[in-house]
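Take a look at the structure set out below.
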Amino acid sequence: MEDVQVVAMLVRRCIAGDAAAWEEIVQTYNRRIYNICYRFAGSGDDAEDLTQEVFIKMYRTLPSYDHTKGAFVTWVTTITRNLLVDHFRKTKQDRMTDSMDSTASEHEDAQPLSEQIQDQSAPPDAHVRRREVSESVHAALAKLSPELREAVILRDLQDMDYREIATVLKVPEGTVKSRINRGRAELGRLLQRTYRQVM
Amino acid sequence: MPDHTSNGMQCSEFDLLLSDVLDGVLTGVQLDRFQAHAGVCKVCGPLLAEAEAGRNWLKGLTEVEPPASLVNNILASTTGVDTQRLRVTVRAPQPHVTWLERVQASLFGYLEPIWATVRQPRFAMSFGMAFFALSVGLTVAGVKPADLRQISLRPAVIRLTYFRTQASVVRYYENIRVVYEVESLARQVKRNVTPAEPGPTRQKDHKNDTTQQPEPKQERNYTQTDNHLILASAPLGPSNRDLPVVSVTTYRRFV
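Taken in order, these protein sequences are the chains called C and S. Here the numbering used here runs 4 ahead of the position in the first sequence, where the first position is 1. Here the numbering used here runs 164 ahead of the position in the second sequence, where the first position is 1.
In structure tokens, the structure reads:
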């Protein structure tokens, strides 16, 4: 994915104060980090704020990156994941309050996802249909527990291998695989129920 | 997950191999054992189907596009560099606002609170009365709404009206001045023709004075006991030491 030497050189230039090198790093990785944040946090505004925070933290801790210990993208993803977990813990109280305020229960049998999402019946346009499906999957992803969610995001959306994911999540590869399997199965269950109701 | 054994494979082993099967890396005998277990086990069979479905759903998700301003914001918040190049690419087209719209917006900002207060129903009667008074006033003044149609708002006509009004005001002022000058001259002539009259004699006894005019201020500097006048500020001589002390109720003036 990345040439280690090129990235190492880029990092060295950044540490030396080369603004152009930093801009190149931002241009290269902002899309990836934004997507991880968006899929994990579920909202575009939160994702934008979190992406900025990731880059601020990256900018401050760039001298601590050691290219001999791992790929730069793994290091970046680890920073992102740690910030996302912090954000999840910070906003836990808000989410609990929201869930108490809302009429819908988080329980599986309470309200199917199809009732929380707009009507799926016979969309006139394939593009609209695709977009609605995408929104359904995004909403279902937000219903997974954070451990399962981060695992499937890194594997299925970011195409990271199990070893890299294990490094980022700081868990054994077996645990990574188990979480990915459970996450996929949970997502499949949620979406199958949704589309069974629609169809 | 309950650890059952079916076809020589435990459910825990099935769980470990599940991701490899979905990735397509498991082949041969292992794959056969895996599929045999999936066909028999009531837990692992549905798990395989659900995991495969979930993976397919996730693979269908496309990347979202970050906001256009994201890179610029990141650079501004890290290095503080807000590059001109980025600003040009990111800048959104600003709607053109005319000076009239700007004036209207600023006036609206000032007048809105007043208008909100005035709009209350309790002021309806007041406005009705004000309108009635205005219409009566205009009628009395001879202003007719039909006349307003005759008003031309062309710049040349407005300028002409302005100069005419200015000329009439100036003429009126000059006339008034002439009148005052003539009156003043007449008074002066009359004063010169009439012989001088003796000045009015001062009345010492004001008991019967009904004109309600205040006393001349000059007399208030003195303390009066009967007909004997004593200067208030004058040092007391030997002959005046025995004089009775009287209270002064008049204004005090220290010279």
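Where is the CB? At the ideal position from N, CA and C, for every residue including glycine.
Could you check if residue 24(C) is buried or exposed, using at least 16 other CB atoms within 10 Å of its CB as the buried criterion? Exposure of residue 24(C) is indicated by the presence of fewer than 16 other C-beta atoms within 10 angstroms of its C-beta.
Using 8 Å as the Cβ pair cut-off and three pairs as the minimum, do the stretch 189–207 of chain S and the stretch 8–20 of chain C touch? Under the 8 Å Cβ criterion, the stretch 189–207 of chain S does not count as touching the stretch 8–20 of chain C, having fewer than three qualifying pairs.
Give a yes or no on whether the C-beta atoms belonging to residue 154(C) and residue 89(C) are separated by under 9 Å. Contact flag set, yes.
Below 9 Å between beta carbons: does that hold for residue 196(C) and residue 217(S)? In contact: residue 196(C) and residue 217(S) (Cβ atoms closer than 9 Å).
So which of 281(S), 344(S), 179(S), 333(S) has the shortest CA-CA distance to residue 207(S)? Considering only alpha carbons, the answer is 179(S).
Going along the stretch 203–225 of chain S in order, which residues come within less than 9 Å of chain C, judged by CB to CB distance? Those residues of the stretch 203–225 of chain S that come within reach of chain C (Cβ to Cβ, closer than 9 Å) are 210, 211, 212, 213, 214, 215, 216, 217, 218, 219, 220, 221, 222, 223, 224, 225.
Helix, strand or coil at residue 13(C) [DSSP, three-state]: Three-state DSSP puts residue 13(C) in a helix.
Give a yes or no on whether the C-beta atoms belonging to residue 46(C) and residue 173(C) are separated by under 9 Å. Residue 46(C) is not a Cβ neighbour of residue 173(C), given a cutoff of 9 Å.
From the DSSP output, in three-state form, read off residue 62(C) for me. Helix.
Buried or exposed for residue 84(C), please, with buried defined as at least 16 other CB atoms from any protein chain shown within 10 angstroms of its CB. A residue is called buried once 16 or more other Cβ atoms fall within 10 Å of its Cβ, and residue 84(C) is buried on that count.
Just curious, the alpha helix (DSSP H) that residue 239(S) is in, first and last residue? Per DSSP, the unbroken alpha helix (DSSP H) holding residue 239(S) starts and ends at 234–242.
Indicate whether residue 156(C) and residue 224(S) have their beta-carbon atoms separated by less than 9 Å. Residue 224(S) is positioned such that its CB atom lies no closer than 9 Å to that of residue 156(C).
Tell me which residues of the stretch 36–61 of chain C have at least one Cβ-Cβ distance to chain S shorter than 7 Å, keeping chain order. Cβ contacts with chain S come from 38, 39, 42, 52, 55, 56, 59, 60.
Could you give the residue range of the alpha helix (DSSP H) that holds residue 184(S)? For residue 184(S), the uninterrupted alpha helix (DSSP H) run begins and ends at 175–187, by DSSP.
Would you say residue 196(C) reaches chain S, if we count a Cβ-Cβ gap shorter than 9 Å as a contact? Taking Cβ atoms only, chain S reaches closer than 9 Å to residue 196(C), which makes this a yes.
Output, in chain order, the set of chain S residues within a Cβ distance shorter than 7 Å of residue 182(C). Result: 179.
With DSSP collapsed to three states, give me the class of residue 169(C). Residue 169(C) falls in the helix class under three-state DSSP.
Looking at C-alpha atoms only, which residue of 15(C), 147(C), 158(C) is the closest neighbour of residue 71(C)? Of 15(C), 147(C), 158(C), the residue nearest in Cα terms is 15(C).
Exposed or buried, which one is residue 164(C) when buried takes at least 16 other CB atoms within 10 Å? By the neighbour-count definition (other C-beta atoms within 10 Å, threshold 16), residue 164(C) is a buried residue.
Residue interval of the alpha helix (DSSP H) (run including residue 274(S)): Unbroken alpha helix (DSSP H) run through residue 274(S): 263–282.
Selected residue, minimal CA-CA separation from residue 185(S), among 184(C), 60(C), 73(C): When each option's Cα is compared against that of residue 185(S), the closest is 184(C).
I'd like to know whether the C-beta of residue 191(S) is nearer than 9 Å to at least one C-beta of chain C. No, residue 191(S) does not count as interfacial toward chain C.
Nearest to residue 219(S) by alpha carbon, out of 196(S), 187(S), 234(S)? The shortest CA-to-CA distance from residue 219(S) to any of 196(S), 187(S), 234(S) is the one to 187(S).
Going straight from the alpha carbon of residue 228(S) to that of residue 39(C), what length do you get? Computed Cα separation, rounded: 6 Å.
Contact set between the stretch 147–163 of chain C and chain S, restricted to residues whose Cβ is under 9 Å from the partner: Taking 9 Å as the Cβ-Cβ cut-off against chain S, the residues of the stretch 147–163 of chain C that qualify are 156, 157, 159, 160, 161.
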